[in-house]
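Engineer: Residue numbers (the working numbering), protein chains in the order written: chain A, 1 to 477; chain B, 1001 to 1477; chain C, 2001 to 2477; chain D, 3001 to 3477.
The structure follows.
Protein chains: 4
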Amino acid sequence: MCGIVGILDAGEVSFSLYYALYALQHRGQESAGIATFDGATINKYRGEGLVAEVFDTPTLGRLKGHCGVGHVRYPTTGTNRPENMQPFLFEFQDLHIAIAHNGNLVNYTELREEYEQRGQIFWSSSDTEVIAKVFTDEIRGGSSVEDAVHLCMRRLRGSYSVVMIINGVLYSFRDPLGIKPLCIGKTRTGYIIASESVAVDALGGTLVRDVRPGELMRVSEEGIACTQIAVANCPAHCIFEYIYFSRADAVVDGALVYDVRRKIGRKLYEEAPVNADSVAPVPDSGTAYTIGYAEGSGIPFVECLMKNRYMGRTFIMPNQKAREQAVRIKLNPVRSHLEGKSIVLVDDSIVRGTTSRRIIELMRSSGAREIHMRIGSPAIKAPCYLGVDMPTREELIASNKAENEVRKSITATTLHHISIEALVEAIGMPHGHLCTGCLTGCYPVQIEGEIDTPRAVNFVDGSFQTNLGTFVEEEDL
Amino acid sequence: MCGIVGILDAGEVSFSLYYALYALQHRGQESAGIATFDGATINKYRGEGLVAEVFDTPTLGRLKGHCGVGHVRYPTTGTNRPENMQPFLFEFQDLHIAIAHNGNLVNYTELREEYEQRGQIFWSSSDTEVIAKVFTDEIRGGSSVEDAVHLCMRRLRGSYSVVMIINGVLYSFRDPLGIKPLCIGKTRTGYIIASESVAVDALGGTLVRDVRPGELMRVSEEGIACTQIAVANCPAHCIFEYIYFSRADAVVDGALVYDVRRKIGRKLYEEAPVNADSVAPVPDSGTAYTIGYAEGSGIPFVECLMKNRYMGRTFIMPNQKAREQAVRIKLNPVRSHLEGKSIVLVDDSIVRGTTSRRIIELMRSSGAREIHMRIGSPAIKAPCYLGVDMPTREELIASNKAENEVRKSITATTLHHISIEALVEAIGMPHGHLCTGCLTGCYPVQIEGEIDTPRAVNFVDGSFQTNLGTFVEEEDL
Amino acid sequence: MCGIVGILDAGEVSFSLYYALYALQHRGQESAGIATFDGATINKYRGEGLVAEVFDTPTLGRLKGHCGVGHVRYPTTGTNRPENMQPFLFEFQDLHIAIAHNGNLVNYTELREEYEQRGQIFWSSSDTEVIAKVFTDEIRGGSSVEDAVHLCMRRLRGSYSVVMIINGVLYSFRDPLGIKPLCIGKTRTGYIIASESVAVDALGGTLVRDVRPGELMRVSEEGIACTQIAVANCPAHCIFEYIYFSRADAVVDGALVYDVRRKIGRKLYEEAPVNADSVAPVPDSGTAYTIGYAEGSGIPFVECLMKNRYMGRTFIMPNQKAREQAVRIKLNPVRSHLEGKSIVLVDDSIVRGTTSRRIIELMRSSGAREIHMRIGSPAIKAPCYLGVDMPTREELIASNKAENEVRKSITATTLHHISIEALVEAIGMPHGHLCTGCLTGCYPVQIEGEIDTPRAVNFVDGSFQTNLGTFVEEEDL
Amino acid sequence: MCGIVGILDAGEVSFSLYYALYALQHRGQESAGIATFDGATINKYRGEGLVAEVFDTPTLGRLKGHCGVGHVRYPTTGTNRPENMQPFLFEFQDLHIAIAHNGNLVNYTELREEYEQRGQIFWSSSDTEVIAKVFTDEIRGGSSVEDAVHLCMRRLRGSYSVVMIINGVLYSFRDPLGIKPLCIGKTRTGYIIASESVAVDALGGTLVRDVRPGELMRVSEEGIACTQIAVANCPAHCIFEYIYFSRADAVVDGALVYDVRRKIGRKLYEEAPVNADSVAPVPDSGTAYTIGYAEGSGIPFVECLMKNRYMGRTFIMPNQKAREQAVRIKLNPVRSHLEGKSIVLVDDSIVRGTTSRRIIELMRSSGAREIHMRIGSPAIKAPCYLGVDMPTREELIASNKAENEVRKSITATTLHHISIEALVEAIGMPHGHLCTGCLTGCYPVQIEGEIDTPRAVNFVDGSFQTNLGTFVEEEDL
């Protein structure tokens, strides 16, 4: 999981990229980077930590240019190497290229070996470098960017939402299944392409639409050109974006995430009603679900756990005892809302079960009588190979235990996960248009050792479909 | 406004002080400091910024000792000097003393001049140094700490909640009016005295009770001794602690802040009902009020502004345009919850009116039809001299304008502030036990140029009232 | 040992103070500080480390003012506390005062206790704070600065060269024995008072003269006024300034240090001639002595040990082995200059003997046949109480061993220390005008438990002697 | 100009690499880096600044492994990009490779274009990346490292001294002309290959010999194998190593640099004798030359300029005036050694002439009567294409002016550069074995637009010549 953004504008873009990355910060806190093209060369700055920690005014001032890309990176086991920080830059003949990517290639190893056989050396263990190699492989013969993206879509297997600048032109494309989100928005004097619409909002812009699965967008001073490179029989949008990753105020592939979650909350009450004194969220992940549950049930919404707004990655936990104490400092139980009470507690998901158990224990130690846990996602039973850093089946509590066993393990009075059907209905698109690999163990791309039902992808004759005017005009796409 | 904490424990206290300061971080983000007594000398570390930024594991590891005090400092105009960072340390004969203070002395200048006349030099412009001088003045003649605190309570005018370590013993006292909060809690192997009960919670401790106005507590390995040094005819607890400063999950002078705010929310509906599509908080300050309003009115609680959780002090705003944009990055309006809707918007207070106006404009630009503003505090009409860094009367919008003028200025459809009577009722103590200086312009201590109705203070014959056993016992006070 | 500087100029002084401290860096590397008066208040910045590490351009830019003082601090055992960093600032009524001090008070503890008895509290363990207390004690009654310095000279026992700014006027005084150096110079548009003339040189200024023992200088926009506050029957200039502390290019109390050392080198040959292949310095401390020895003897000057110019305080030595290796990285023996050779090795002093032994071993391991050690100071037999951080008698190798035993211990072929008589002759002033406490164990001020022959001090009727014109004029004093 | 080092040892090597880089610090202060192989992967750390600034104990502790390479980088115009910091790391199939390089490729652009045509992308603008591509190009087909180095020596034109680790084996090679220095030394339990012998000395090791031009060394746990890959008809050792770059205590291609310089000093007197009061070095660059001059002439060696040992890259010069002042702070003229005197001033070289003029002006302003400048290098008339960052012909003062004009420009009384013949004689090898491009404008490799007399290079049948036993044995090579 990562967040990406590309901006082309009449003015300088570094501060806008910074603001957009701020809005996407929830998609990755491990590192942040910005690259801009200043007319002659690409300037970049990348660093470990939050956007706020990586950038300062002088740094942003040095990142000159009207066009650039940015990236925030999610920590993934074993890949925390400086070389893996994005955007990834390279030079090829007279082209200065910066690329940022959100997703995961299933055939990374296979492609890397092939390129090594051909004498290529690798600097990083990032699949972005493989995308760069495939892309360059086609373009060096004099092919167009469109042809190079065509080759990428033929050769890359997995999820990839990509933004890229080549000498002052912004390109962006999304894998044919549209697994990870990507949308385009319009600001007063330019265009922004980003993982979520909240980045468009942050610049005071207007969401135009999602980038279509299999589509390539070319944004330059002459305007926007959209090319449909490939078309799948049906897409495979990641359901976890709605449940967990995207911000509640994002509109992802047509649906407002907040409303999806509120609807799930209502359906949670319908599927598993309970009599209780109050319904409370695990803050902040459970809030929108809880509001829906309260509306559906009429049970009062009462905050029982107060979140410390200052907890960050730098919180010091010198030993095991401190780690246990951390949950208490992060979430303070409000005794008078808990003592002797029966509470419906709502959260978005249970992964390992550890956190849920600690929270329930905390609430019980403050006197809660009954805790009825309601979860906004179905049980997570299988790993993700397409960009979500999930634990293995061994670590996934629901992969190994029936719901009642999970309930016992987390010490809840009752437990209910939303059904897949209700989730799909809340999202409002056909089940077949979603990737539910982590819930069903059945994936939309071929993955060795797993059950898969790959979508069929057809390649379109790549002529430009639209030229949507210069970027200072207010017309729609 | 600051946060203070003192801890005496069977084990090392630096990490506990750190966790407690984390829980009090909302009371001050300008600087943080910890001082501990290691049996021979006092070790300290202070720095600018958040607790998380100031301390790291090696630093905490070096702060050895079973007893210590900590402080977080609120930025106050013109006093941001390194010398003013607390705890304030000094040595006197063979005593090693560290002191931390929350409050404001009204007669600071007068006392400072007096001591300068006597040949004393000053390092800082902090009133903590004046407290230290008064304290030492008495103790140098061989008087007891009790006598020295007695002198402090006679001579200091204003608000002061103080924690202090003297060679391994923890002392704490609160001004006779109990203006600023202070409470004592018990942990498994020690005691903690802190500005708010949330610091006790953070250590998994139990709140014992508030430190009484005019009381001195002495916490040592032999146990706790409480002495009532002075008694006022009635206290003057700061109402702004309930409205703004204290965390919602804190219990201040007997009342859970969250419930005070929820009750105010209900009363806001009773005093100024309105028909609307939804009721929404200004996050996070308006949340508890909004829940009360929604309960009272039956209007659905719907979040219309989503707060970016990553905004911090380091957010870069290079120019005016960026400052305007900052509110948009901090608070994202949810268009589909606003478009064409009539909204009740609830916040805790209006000071200058600038923020309220920006937020309302933001909501209108996303299509809101009507915005009915409801405020959890009465109109703020006068400055505070007792520890809240309020602007001058000129800058306070309600000091100069009637409510309807304020409404126009912030561009709200309607506006209502809670009445003082309803506020007092929600807090649940007699009006006369509260300081409402900022609402009424009438203060509980003598302040030059202002109307005041000082409380009468009597001094008790300072014999120890209680010895409550050693600190490892579980008995109550 | 520390370095101090005060500057009053027509323009901004912070950068000049910085350059002056750079020139005095050899007098203290533990911390550096600058304080300036900007017309309204004193701005200061102090930090641990070298001048180059502590200051940057923005910091110096913020230190506004036409008048200021600076300090570099030598590490002294047990006193490395941030509070002890200088300049020391305090406020007294409407006076803003910054003071910096080089020296050591013998009666520090006695004075501190007295002031504590009078109710004063102490922030630091620095004797500068005691000087400030004594000074303020007099001035608070409305006395003049001259009277206050008079009181200081009566009450303070030990060495003290002081620079001080009081609201835009620069004051400076030196103890009646003139133990530590202090001189005044003139720049194009102002005056500088500093520990050594090299600071004057650094600003392109002209050395005017030494500040006289017992003299007070007042430098303001109106010009310089000099007052002789006290006069001793004879001064007691520290001999170690000539041997070790002062830079070779400094002129201290009338003598160029380089020439003193070169003369000592010549006398070393006269006192202990030897036949050898070459004469080599321990770089850089022995260089000037070696040049004198080579001149006197006719033996060729050949560098046999090359110093690594990049060794600094941050050199990492994780363990004992590394510490032994450090000397090898710091000083590289030149094998072809050593192999089979007889070498005269010259250094300034032997304190514990450890370094000398390591260097001689290093040279022998590269093949040196004979090493004749010649030392520019007489044997150091006693501690210093007046500002040089010497080890105890137990640690001083010459305090416990005869010269031949020292020779054996450091494994030299022969060893000779310069005689006190030759040293005194090289300095060129009467023996009675020097402090030779560390060589003789007989001190010029009263020190408990030591032999002393205190100088007699008379106090002058403190009328101004001279007004030397405004500071922009080029006249001499 | 850079410094490189490779170490293979029975124990951990990171601290040894650090000490070796310390000894080579004079060869590059812009950045420093270390890479080690820990048995599984390569760990690296690189950063801007001095070795002392880049590394700390925890960082070195994390760089595990018995084999590694290090690099210090000289600032070269326009190439200060983080990607250009060395060692350069890459992965190829199961090989983990780190490479560090000192030198400059004349055909860099040509080779880079060729590889881009073949679809390769470039991360950096460093010629090290081109070396890596050529090397990998051969090795991917299953060829040996020897064959790959053979290809490198055929294809790379210019200077290159290279150290490289491949999965725990240390390789090193030097271009067939041996332009830049490289030597091998033996420590107690391992081997070290470094730019200068001083790195061997720093570890307490013994210099074995220089790496021969065109030779490849393979150092592994089994021992050292040396292969002569290519042989030139005669080498082309850089004369500037003797004059300027190498430390005086280094032995470069058989000659002690200090003695070369001392001999040049003597010859300077023979070629241009003068009657003067004293002979003085520009510290520290002129010291060894000056000692030779003093010996040859009998004129006393007297230091007239004292160098501030604390000047570093962080010295602040906010404006032009300060830059002029910097020379005064860096070099303090000793007035009493200059006033009315005739001085022979000796330095190693004159490049632009600016520094020489400033120093002479400084000496004259302190009263020097005559200044006879003597220079240890012949006049520098042409740029260097082989690794020395020289200015253009336009900026080289001697490229455009006859010696007498240069003398006038720097305001010296007389001026003499050493003759090429005397320089060659002092170095002690035939003129034809040296590169004198910067003195004559005639280069030993083909350079477009310049006169060149390229050496003929023959390729040897690459069988191993020697296996010199395991690395723990004390045998010689």
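Just so you know, even glycine gets a beta-carbon here, dropped at the ideal spot from N, CA and C.
So if DSSP puts D/PHE3037 in a beta bridge, which residue, or which two residues, is it bridged to?
Structural biologist: Per DSSP, D/ILE3042, D/CYS3067.
Engineer: Pick out whichever of D/ALA3225, D/CYS3183, D/LEU3207, D/ALA3232 has its Cα sitting closest to the Cα of D/LEU3177.
Structural biologist: D/LEU3177 has its Cα closest to that of D/ALA3232, out of D/ALA3225, D/CYS3183, D/LEU3207, D/ALA3232.
Engineer: Quick one: residues in its chain with C-beta nearer than 7 Å to the C-beta of C/GLY2190, no 5 flanking neighbours on either side, listed in chain order?
Structural biologist: Around C/GLY2190: ILE2007, LEU2008, ASP2009, ALA2010, PHE2471.
Engineer: Determine the contact status of D/GLY3070 and D/LEU3017, defining contact as a CB-CB distance below 8 Å.
Structural biologist: Against a cut-off of 8 Å, the Cβ pair of D/LEU3017 and D/GLY3070 comes out as a contact.
Engineer: On a CA-only basis, which of C/PRO2383, C/TYR2022, C/LEU2095 is nearest C/ILE2139? Give me that one, please.
Structural biologist: Closest option to C/ILE2139, Cα to Cα, is C/LEU2095.
Engineer: Taking all protein chains shown into account, decide if D/GLN3465 is buried (16 or more other Cβ within 10 angstroms of its Cβ) or exposed.
Structural biologist: Its pLDDT being 45, under 50, D/GLN3465 is placed unreliably by the model, and the measurement read from it follows with that caveat. The residue in question, D/GLN3465, is exposed, as its Cβ has fewer than 16 Cβ neighbours within 10 Å.
Engineer: Can you list, in chain order, the residues of its chain with a C-beta nearer than 8 Å to that of C/GLU2091? Leave out the 5 residues immediately preceding and following it.
Structural biologist: ILE2097, listed in sequence order.
Engineer: Beta carbons nearer than 8 Å to chain C: which residues of the segment 3323-3345 of chain D have them?
Structural biologist: Answer set for the segment 3323-3345 of chain D: GLN3325, ARG3328, ILE3329, ASN3332, PRO3333, VAL3334, SER3336, HIS3337.
Engineer: How should A/LYS321 be labelled, buried or exposed, when 16 other C-beta atoms within 10 angstroms of its C-beta is the threshold for buried?
Structural biologist: Classification for A/LYS321: exposed.
Engineer: Determine which residues share a DSSP beta bridge with A/MET217 and list them.
Structural biologist: According to DSSP, which records beta bridges pairwise, A/MET217 is partnered with A/SER172, A/CYS226.
Engineer: How far does the beta strand (DSSP E) with D/CYS3234 in it extend, from its first residue to its last?
Structural biologist: It is not in any beta strand (DSSP E) - D/CYS3234 carries neither H nor E in the DSSP assignment.
Engineer: May I ask you to check if the CB of C/PHE2245 is nearer than 7 Å to at least one heavy atom of the ligand ZN?
Structural biologist: The ligand ZN is not part of the structure shown, which contains no ligands of any sort.
Engineer: Does the count of Cβ pairs from the segment 1371-1385 of chain B and the segment 1410-1420 of chain B closer than 8 Å reach three?
Structural biologist: Segments in contact, yes.
Engineer: For the segment 3275-3288 of chain D against the segment 2293-2302 of chain C, do three or more pairs of beta-carbon atoms, one drawn from each stretch, fall closer than 8 Å, so that the two count as touching?
Structural biologist: No: fewer than three Cβ pairs fall under 8 Å.
Engineer: What does a CB cutoff of less than 6 Å around D/GLY3428 pick up in its chain, not counting 5 residues either side in sequence?
Structural biologist: Correct list, in chain order: ALA3255.
Engineer: Which residue's Cα is closest to the Cα of B/ASN1167: B/GLU1053, B/LEU1021, B/THR1128, B/VAL1219?
Structural biologist: Nearest C-alpha to B/ASN1167: B/VAL1219.
Engineer: On the three-state DSSP scale, how would you describe A/SER463?
Structural biologist: Residue placement at A/SER463 is flagged as unreliable, the pLDDT there being 45, under the threshold of 50; a coordinate-derived value is accordingly withheld.
Engineer: Is the CB-CB distance between B/ARG1046 and B/GLY1033 below 8 Å?
Structural biologist: Their beta carbons are under 8 Å apart, which means B/ARG1046 touches B/GLY1033 by this criterion.
Engineer: Could one say the Cβ of A/GLY312 lies closer than 8 Å to chain E's Cβ atoms, at least one of them?
Structural biologist: Chain labels in this structure do not include chain E; the protein chains are A, B, C and D.
Engineer: Looking only at its chain, what residues have a beta carbon closer than 6 Å to the beta carbon of C/SER2031, apart from the 5 residues adjacent to it on each side?
Structural biologist: If we look at C/SER2031 and ignore the five residues flanking it on each side, its Cβ neighbours are GLU2048, ARG2073, MET2085.
Engineer: Helix, strand or coil for D/PHE2987, going by three-state DSSP, please let me know.
Structural biologist: Because residue 2987 of chain D is not part of the residues shown, which for chain D are 3001 to 3477, the question remains open.
Engineer: Pull up the DSSP beta-bridge partners for C/GLU2434, would you.
Structural biologist: Per the sequence shown, the amino acid found at residue 2434 of chain C is Leu instead of Glu. DSSP, once it has assigned bridges, lists C/HIS2237 as partnering C/LEU2434.
Engineer: Of all the CB atoms in chain B, is at least one closer than 8 Å to the CB of A/SER463?
Structural biologist: Note that A/SER463 has pLDDT 45, beneath the 50 cutoff, so the model's placement of it is unreliable and no number is given.
Engineer: Leaving out the 5 sequence neighbours to the left and right, which residues in its chain are closer than 8 Å to B/ASP1452 when beta-carbon positions are compared?
Structural biologist: These residues qualify, in order along the chain: CYS1442, TYR1443, PRO1444, VAL1445, GLN1446.
Engineer: In whole angstroms, what separates the C-alpha of B/GLU1116 from that of B/PHE1459?
Structural biologist: Roughly 28 Å between the two C-alpha positions.
Engineer: Put A/ILE359 into one of helix, strand or coil per three-state DSSP.
Structural biologist: In the structure shown, A/ILE359 sits in a helix (DSSP, three-state: H, G or I).
Engineer: Hey, does C/GLY2006 have any beta-carbon neighbour from chain D nearer than 8 Å?
Structural biologist: Cβ-Cβ to chain D under 8 Å: no for C/GLY2006.
Engineer: Only counting the same chain, and skipping five residues up and downstream in sequence, which positions put a Cβ closer than 7 Å to that of C/PRO2454?
Structural biologist: Excluding residues within five positions, the ones whose Cβ falls inside 7 Å are PRO2444, VAL2445, GLN2446.
Engineer: What is the DSSP secondary structure of C/ASN2458, reduced to helix, strand or coil?
Structural biologist: Note: C/ASN2458 maps to strand in three-state DSSP.
Engineer: Keeping to the same chain, check which residues put their C-beta closer than 7 Å to that of B/ILE1243; ignore five residues upstream and five downstream.
Structural biologist: Closer than 7 Å at the Cβ level, and outside the excluded window around B/ILE1243, lie ASP1348, SER1349, GLY1376, SER1377.
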